[in-house]
Structure formats: structure tokens, C-alpha cells
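Trainee: I'd like to ask you about the structure that follows.
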Amino acid sequence: MSELSAAPAPDPVSGLRHDLRTPVNHILGYAEMLLEDAAQPDQDDRRRALEMTVSAARDVLGLINTALPSSRDDIAPEEIGSLYDSLREPQGKILAAMRDLLTTDGGDPSFRDDIRRIIKAAERLAKPDMAVASEPAAIQAVEATTPTTDRTVAQILVVDDDEDNREVLRRRLERSGYRVGCAENGVQALTVLAEEAYDLVLLDVMMPELDGYQVLERMKGAPKTRDIPVIMISALDDVASVVRCIERGAEDYLPKPFDPILLRARISASLEKKRLRDQEVEYLERVAQITQAAKGMEAGSYRPGTLADLGARDDELGRLARVFDGMAQQVRAREDQLRDRIRDLRSEIEAARMQPSGTETTVDGGNLPVGEAFAERYDIVSLIGRGGMGSVYRARDRELVEDVAVKTLLPQLVADDTVIERFKQEIRLARRISHRNVVRTHDFGQWGGVCYLTMEYVEGITVRALIDSRGQLGIPSTLAIGMQLAEALNVAHEQGVIHRDIKPQNLLLDPDGVLKVMDFGVARLAKRQSAITEVGLVVGTPAYMSPEQLLAETVDARSDLYATGVVLYECLTGCPPFEAATPVSLIAKLLQDEPRPPTEVNRDIPPAFSSLLMRLLAKKPEERIQSAADLMQRLREIA
Numbered sequence: 000m001s002e003l004s005a006a007p008a009p010d011p012v013s014g015l016r017h018d019l020r021t022p023v024n025h026i027l028g029y030a031e032m033l034l035e036d037a038a039q040p041d042q043d044d045r046r047r048a049l050e051m052t053v054s055a056a057r058d059v060l061g062l063i064n065t066a067l068p069s070s071r072d073d074i075a076p077e078e079i080g081s082l083y084d085s086l087r088e089p090q091g092k093i094l095a096a097m098r099d100l101l102t103t104d105g106g107d108p109s110f111r112d113d114i115r116r117i118i119k120a121a122e123r124l125a126k127p128d129m130a131v132a133s134e135p136a137a138i139q140a141v142e143a144t145t146p147t148t149d150r151t152v153a154q155i156l157v158v159d160d161d162e163d164n165r166e167v168l169r170r171r172l173e174r175s176g177y178r179v180g181c182a183e184n185g186v187q188a189l190t191v192l193a194e195e196a197y198d199l200v201l202l203d204v205m206m207p208e209l210d211g212y213q214v215l216e217r218m219k220g221a222p223k224t225r226d227i228p229v230i231m232i233s234a235l236d237d238v239a240s241v242v243r244c245i246e247r248g249a250e251d252y253l254p255k256p257f258d259p260i261l262l263r264a265r266i267s268a269s270l271e272k273k274r275l276r277d278q279e280v281e282y283l284e285r286v287a288q289i290t291q292a293a294k295g296m297e298a299g300s301y302r303p304g305t306l307a308d309l310g311a312r313d314d315e316l317g318r319l320a321r322v323f324d325g326m327a328q329q330v331r332a333r334e335d336q337l338r339d340r341i342r343d344l345r346s347e348i349e350a351a352r353m354q355p356s357g358t359e360t361t362v363d364g365g366n367l368p369v370g371e372a373f374a375e376r377y378d379i380v381s382l383i384g385r386g387g388m389g390s391v392y393r394a395r396d397r398e399l400v401e402d403v404a405v406k407t408l409l410p411q412l413v414a415d416d417t418v419i420e421r422f423k424q425e426i427r428l429a430r431r432i433s434h435r436n437v438v439r440t441h442d443f444g445q446w447g448g449v450c451y452l453t454m455e456y457v458e459g460i461t462v463r464a465l466i467d468s469r470g471q472l473g474i475p476s477t478l479a480i481g482m483q484l485a486e487a488l489n490v491a492h493e494q495g496v497i498h499r500d501i502k503p504q505n506l507l508l509d510p511d512g513v514l515k516v517m518d519f520g521v522a523r524l525a526k527r528q529s530a531i532t533e534v535g536l537v538v539g540t541p542a543y544m545s546p547e548q549l550l551a552e553t554v555d556a557r558s559d560l561y562a563t564g565v566v567l568y569e570c571l572t573g574c575p576p577f578e579a580a581t582p583v584s585l586i587a588k589l590l591q592d593e594p595r596p597p598t599e600v601n602r603d604i605p606p607a608f609s610s611l612l613m614r615l616l617a618k619k620p621e622e623r624i625q626s627a628a629d630l631m632q633r634l635r636e637i638a
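Letter by letter, the sequence shown follows residues 0 to 638 of numbering that gives the first Met the number 0.
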């Protein structure tokens, strides 16, 4: 149904019932309010007259309901005449009692005005040609009470084209402690609702120009007013009218004349629902505020303290906001701390690059010709380095139109199926890890008898070259390396991947000081047995290997943490914890000797940092730091 569509006109029975019940509503409304005020002993005469009026009005209501039940939709003229005849006796009692009060009771002017209103309403129970068509406008078109900032008092809007209906409801509601505004038609009601906040609307159905159904539809269709509860109050009490209102979103329906106790109860229930709905809306708005803050945190734009107002609440949301803001401050502090440490690390990188090139190691050899195409896709630019398994080249990818690193196996190892299988495993595992501190792995292939792996190309310097150039690194620079390395390992370990060959040569630093872990080529899934590593084949670099790895025992994440301790030890002191002339002697020291505490080598090292490294270098895995996440936290706490 369109919001402007008119409701069906009431049938003759409903229309007559509406016309007769409306003045009864006025009589009962005013009389019951005056009766509530007539509690003093010297007001017995007034009280008796009002009680008689209320009783007679209820008799009238009974006669109307009997003659005009809501189940009827047609009535004969003679039945209408008979009904008016039956109303004469109770109407006469009301008029006599009220006129007698006007004559004998010298009450205040407001009391006498109400008596006159009751008399006018009673006169409308006579023949139709004697009914009052309209009353003078004694109340302004919109009768809102004086605005106040006290929103603890509910504000109710009464919408009715009948002045006496508005007045009765206004006064009764104000007696109950509510703030009341009034509108004499639907258009004015919508204007008032657009300008002022109301908690409840009491809405008449039968109004000219824009009836209650249309007002209700417009209210429920507007975001500002859709959550305001509406109680329809009408002399129409047929089922169809009630259903029509409920279907359009009315909270309740109260037929005129209404029982004051029932009115108060339904208003109270509707306001309680509104209060709960307001709480729900506010709660959802606050949740959205926290959600937005979380997005800001993820994007790096959240400013600590943004949720201060929400954090002042003494509820679960307030506690959540305080916890979130506290975490944001910690994250910001950690970011600032890491940024400061990386700044020092960049200075060390720049200083290393400025040193004479004669200190660098020249890389010769390789199995791919520089300047030629490889695998019909890669133009080999230069040889970057060589290791125990093969060579790494810088190449131009013709398809991606960018530089990549191409790692190949040594030609003499191509026929070894075990090594080739290990190489394939490297790509499968490495591609599971996606993190800014891990070199991205692109592809694996074979071409002309050469097995190769393509990876992200990073322009930078290895930690090995940095240590060789600087001798030893500063505390902030070492912490920057350690925190980034721990973060990369944490991501890898969560994927079940153990690097197994952490060493300075596999740690690359770009010009911005961002660390990239390279070469997961000897990694394998944690807790998974493999035939690739045979007895007698040592995988990794002995100086950085854990005792359990040297002894071919079970290797897990703690082996990578041991190697991390060796790398950080060397960064701080300029030398690894164990050195020897031969590999056999070195392995013996690794298995038997205790390392010299870093503070004995470099007294500038904080004792907490030295103790942390000694724990990482424990011979037994269970005595070390147990996770990369724990290591990250401990490195953050070092001043």
C-alpha cells in the first residue's frame, strides 16, 4: 500500500460508533481527572456528582456497544432512533449533575471550564442535528510543552483532530509525569516529528487530510522516526482497523473511551520497548565505533585515545574500548620502538655500503651464462651468489617485466633425485608463507637439465656482509634484526614450516632496513618424517646449528630459535659463540661447551639481552625460549 493511499471509509455502524464513543471519551476523561482531585472531605458533593457522571457515562458506553457491536456493518434508521432514545436517561443524569455543579460549586476557573467541556460532550449524545460539529480552537495547533534538556522524562506527542481528545490526553499524561506535545492533524504531526525528538506517539485514526494510517506509514518509512513506538487511539474498535494499524507498524491499539490504568500500562510498556531499542541502537553504534577503530588499527591510521569517550563507560563496551585503546598504545609504542631501531640499522647499512669495495667477496663461476636467456623467459643479468647447493642470479622476467632471483642447483647434483626432491619441497613449503619479512617464492621448473627456483629479487645487503663490514652492530640495530627475524619465523612456524638453516647469509636487509629471510630450501614440514635427509648428510651450517640438529635428532621450531640466538650473538659481539679451526672441533664445542656470556665480550650489552641470548643457546630445547612469538615479546621489552 502506498504511503499516500487512503484507508477505506468506515461502514455506517463503525462511523456511528466512532461519533458516539468520542464524546463519551471526553466525559470519562475529564470526569475521572476531576474525581482524582476531589479527595478532600469538604468536596463530598463534588465527588458524588462526578461519580454519578462517570457511572452514567459508562452506562452510555454499554448501550452504544450493545446496539453497535464491531461485528455489525449495517443498521436500520429505526435502530438508530431507538439508540438515541435509550441514551436520553444517562445523558440527562450527566447534564443535570454537571449543571448543578456549575450552579452550586464555586470551584476555580479551570474546574468550571472542565465541567463545561463535559456538558458540551454530553450534549453531543443527543440527536445528530444537535451535535456540535466543531469547537473553537482553544489550544494551539501544535501544543508542545516548553523544551527541556532533561531527556530522562519521556516526551509524548498526541495527534488528534479533536481538541477535547487532545486536552484530555495531554492533562492525563502530564499528571503521570510525561512531557507532552500536541498536533491537531497528521501534517502538523509529521512536521513536529521532523523537528523534535519524541519517545512515543499517541495517534488518532480518523483525521481529515492525512489520516492516522498514512501518518503511521510515513513515520515507519522514515529513518528518523521508524523506531518511535506508536499507539493508535480511536473510537473505531473493529478488528479490521486494529489489524490495519498493527500491519503498518503500530505498537498497540487502544479504543476510545480508554481506561486510564490501561492507558498508563500500555504507554509504560511501549516506552520500555523504546528504551531497550534505544539501548540496542546505541550499543550497535558503539560496536561500529570499535569496529571502525579496528579497521583503522589494521590500516595504521588509528590514533590512541580515539575511544576515550567510549572507554569512560562502566560496562562491557567501555572495558573493551579501554583494552583496545591500551593495546593500540602498546602497538604504537612498539611500532615507534621498531622504527627507531630500524633507523639505526639503516645508518649501519649506509655506513657499510660506503666502505671500499675491496672488502667485499667477489662471486665467480655459476652454471648460467650472464647476458643470455634462460628457459625462454629469463634474461640473466648477473650472478648474485653461490652456496653449497647452487647459484643465485639476478634475471629479468620477460612475462612479469620485472627483476627476479633465479636459484639453480649445481650441475653435478642434477642427477641426484634426493636433492631434486628437496628442491621441489622448497617451493611447496616456501609458497605457503606470505609475509613482508620473508622473500616471496614464485615458481619452480626444469630447463636443459637445470632445476631452478624463481624468487622475489631484493636489492640489499646480507647480515653476513653487514657484520663483516661493521665488525659488530649496535644494540638498536641488533634488536631491529631480531624482532623482524622472530616475526618471520613466527609466521613460518604457524604454517608448520621449520627453516633449519638460519644464518647471516640467509638474512637480507633492503635499503629501508626491512629484513627478508631467504632460502627455505632445506625446510620441511614440522613433525613430518622424510626420507630426504639421510643419515650422515648434515643439512644446514654447523656454526648456527642446534645440538639436536647436529645429532640428527628431532628438529622443531626451537632449533630455529637456537640459530637466531647465534645470529644475534654474532651481531652484538662480531663473532659467533663458538669458533674452531676444523668442523670436527667446532661441532665438539657446540655439543659440550657453554658459550661465553655476551656481556663479557661487549659490556655495553644490556644484561637482559645477554641473558635472553644465553637462554636461546641452551643445549636442551626445553630450556630455551619456546616460541618465536615469545621471543618477539621479550625483544620488545629490552630497553
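Ideal Cβ positions, reconstructed from N, Cα and C, are used throughout, including at glycine.
(1) Q288 and L309 - do their beta-carbons sit closer together than 8 Å?
(2) Determine whether the beta carbon atoms of P546 and L590 lie at a separation below 8 Å.
(3) Would you kindly work out how many angstroms separate the C-alpha atoms of Q291 and D442, rounded to a whole number?
(4) One question on the structure: do L542 and R469 come within less than 8 Å of each other, judged by their Cβ atoms?
(5) Going by the beta-carbon positions, is the gap between A193 and V158 smaller than 8 Å?
(6) Could you say if the segment 158–172 and the segment 206–217 meet the contact criterion of at least three C-beta pairs nearer than 8 Å?
(7) Measure the beta-carbon distance from D237 to S69 and round it to whole angstroms, keeping in mind my assumption that it falls under 8 Å.
(8) Who are the near neighbours of E78 in its chain, counting only those whose CB is closer than 8 Å to its CB and skipping five residues on each side?
(9) Would you call the segment 97–104 and the segment 112–121 touching, i.e. three or more CB-CB distances under 8 Å?
(10) Leaving out the 5 sequence neighbours to the left and right, which residues in its chain are closer than 7 Å to K255 when beta-carbon positions are compared?
(11) In whole angstroms, what is the alpha-carbon distance linking V403 and E493?
(12) Among L630, E569, M544, I419, which one has its Cα closest to the Cα of A639?
(13) Does D629 come out as helix, strand or coil in the three-state DSSP assignment?
(14) For R171, which residues of its own chain have a beta-carbon under 8 Å away from its beta-carbon, when the five flanking residues on both sides are left out?
(15) Within its chain, find whatever has a CB closer than 7 Å to the CB of F323; leave out the 5 residues flanking it on each side and keep chain order.
(16) For the beta strand (DSSP E) containing G384, list its first residue and its last residue.
(17) Can we say the segment 578–589 touches the segment 490–504, given the rule of at least three CB pairs closer than 8 Å?
(18) Could you tell me which uninterrupted alpha helix (DSSP H) segments, each at least 4 residues in length, are contained entirely in the segment 576–621, listed from first to last along the chain?
(19) Going by beta-carbon coordinates alone, are Q90 and V59 separated by less than 8 Å?
(20) Do the segment 563–570 and the segment 500–518 touch if we need at least three Cβ pairs shorter than 8 Å?
(21) Of all the alpha helix (DSSP H) runs that stay within the bounds of the segment 65–135, which reach a length of 4 or more residues?
(22) Does the Cβ-Cβ distance between V12 and D72 come in under 8 Å?
(23) Using the C-alpha atoms, what's the distance from R430 back to T572?
(24) Just to confirm, is the Cβ distance from L344 to I480 under 8 Å?
(25) Give me the DSSP bridge partner(s) of D402.
(26) Please state if the CB of D198 and the CB of A268 are separated by a distance shorter than 8 Å.
(27) Confirm, please, whether the CB-CB distance from I266 to I227 is below 8 Å.
(28) State the Cα-Cα distance for the pair G448 and V437, rounded to the nearest angstrom.
(29) Determine the direct distance from the alpha carbon of L283 to that of D690, and round the result to whole angstroms.
(30) Looking at the strands, I want to know which residues DSSP matches up with Y252.
(31) If we count the other Cβ atoms within 10 Å of its Cβ and call it buried at 16 or more, is A627 buried or exposed?
(32) I need the boundaries of the alpha helix (DSSP H) containing G185, first residue and last residue.
(33) Helix, strand or coil: which one does DSSP assign to V490?
(34) For I348 and V286, what's the separation of their Cα atoms in angstroms?
(35) Between T461 and R427, what straight-line distance do the alpha-carbon atoms span, to the nearest angstrom?
(36) Check whether the Cβ of P503 sits closer than 7 Å to any heavy atom of the ligand ATP, and report yes or no.
Mentor: Put simply:
(1) Stepping through the sequence shown from its first residue, residue 309 is reached at position 310. Stepping through the sequence shown from its first residue, residue 288 is reached at position 289. Their beta carbons are under 8 Å apart, which means L309 touches Q288 by this criterion.
(2) As a working note, residue 546 is residue 547 in the sequence shown. As a working note, residue 590 is residue 591 in the sequence shown. Cβ atoms of P546 and L590: closer than 8 Å.
(3) Residue numbering aside, residue 291 sits at position 292 when the sequence shown is read from its first letter. Residue numbering aside, residue 442 sits at position 443 when the sequence shown is read from its first letter. Straight-line Cα distance between these residues: approximately 38 Å.
(4) Locating residue 542 in the sequence shown gives position 543, where the first residue counts as 1. Locating residue 469 in the sequence shown gives position 470, where the first residue counts as 1. Looking at the sequence provided, one finds Ala at residue 542 rather than Leu. Taking 8 Å as the Cβ cut-off, A542 and R469 do not qualify as a contacting pair.
(5) Your numbering for residue 193 matches position 194 in the sequence shown. Your numbering for residue 158 matches position 159 in the sequence shown. Taking 8 Å as the Cβ cut-off, A193 and V158 do not qualify as a contacting pair.
(6) yes
(7) Taking the sequence shown and counting its residues from 1, one reaches residue 237 at position 238. Taking the sequence shown and counting its residues from 1, one reaches residue 69 at position 70. Between S69 and D237 the Cβ distance is about 4 Å, and since that is below 8 Å, they are a contact.
(8) As a first step, residue 78 must be located in the sequence shown, where it is residue number 79. So the qualifying residues of the chain are A66.
(9) yes
(10) If you number the sequence shown from 1, residue 255 lands on position 256. Closer than 7 Å at Cβ, skipping near neighbours: R20, T21, N24, I232, S233, A234.
(11) Position 404 of the sequence shown, counting from 1, holds the residue named residue 403. Position 494 of the sequence shown, counting from 1, holds the residue named residue 493. Each residue's alpha carbon lies about 27 Å from the other.
(12) The first residue shown for the chain is 0 and the last is 638, placing residue 639 beyond what the model contains.
(13) The sequence position of residue 629 within the sequence shown is 630, counting from 1. Three-state DSSP puts D629 in a helix.
(14) Within the sequence shown, the letter at position 172 stands for residue 171. Hits under 8 Å: G28, M32, P259, L262.
(15) Against the sequence shown, residue 323 aligns to sequence position 324. Result list for F323: I289, A292, L306, in chain order.
(16) Against the sequence shown, residue 384 aligns to sequence position 385. Taken as a continuous stretch (DSSP letters only), the beta strand (DSSP E) holding G384 covers 377–385.
(17) no
(18) 582–591, 597–600, 606–615
(19) Taking the first residue of the sequence shown as position 1, residue 90 is located at position 91. Taking the first residue of the sequence shown as position 1, residue 59 is located at position 60. In this structure, V59 lies closer than 8 Å to Q90 by Cβ.
(20) yes
(21) 76–103, 108–122
(22) Along the sequence shown, one-based indexing puts residue 12 at 13. Along the sequence shown, one-based indexing puts residue 72 at 73. In this structure, D72 lies closer than 8 Å to V12 by Cβ.
(23) Start at 1 with the first residue of the sequence shown, and residue 572 comes out as number 573. Start at 1 with the first residue of the sequence shown, and residue 430 comes out as number 431. If I take the Cα positions, the gap works out to 34 Å.
(24) Locating residue 344 in the sequence shown gives position 345, counting from the first residue. Locating residue 480 in the sequence shown gives position 481, counting from the first residue. Yes; because the gap between Cβ atoms is below 8 Å, this pair is in contact.
(25) Counting from 1 along the sequence shown, the entry for residue 402 is found at position 403. D402 pairs with R395.
(26) To locate residue 268, count along the sequence shown from 1; it is residue 269. To locate residue 198, count along the sequence shown from 1; it is residue 199. No; because the gap between Cβ atoms is not below 8 Å, this pair is not in contact.
(27) Along the sequence shown, one-based indexing puts residue 227 at 228. Along the sequence shown, one-based indexing puts residue 266 at 267. No, Cβ-Cβ distance for I227 and I266 is not below 8 Å.
(28) The count along the sequence shown starts at 1 and reaches residue 448 at position 449. The count along the sequence shown starts at 1 and reaches residue 437 at position 438. Taking the straight line joining both Cα atoms gives about 29 Å.
(29) The displayed coordinates of the chain run from 0 to 638. Any statement about residue 690 would go beyond what the structure contains.
(30) Locating residue 252 in the sequence shown gives position 253, where the first residue counts as 1. Per DSSP, M231.
(31) Translated into positions along the sequence shown, residue 627 becomes position 628. By the 10 Å Cβ count, A627 comes out buried.
(32) If you number the sequence shown from 1, residue 185 lands on position 186. Where G185 is concerned, the enclosing alpha helix (DSSP H) stretches over 185–194.
(33) Taking the first residue of the sequence shown as 1, we reach residue 490 at position 491. It is helical.
(34) As a working mapping, residue 348 is identified with position 349 in the sequence shown. As a working mapping, residue 286 is identified with position 287 in the sequence shown. Approximately 45 Å, taken between the alpha carbons.
(35) Against the sequence shown, residue 461 aligns to sequence position 462. Against the sequence shown, residue 427 aligns to sequence position 428. If I take the Cα positions, the gap works out to 24 Å.
(36) Ligands in the displayed structure: none, and consequently the ligand ATP is not present.
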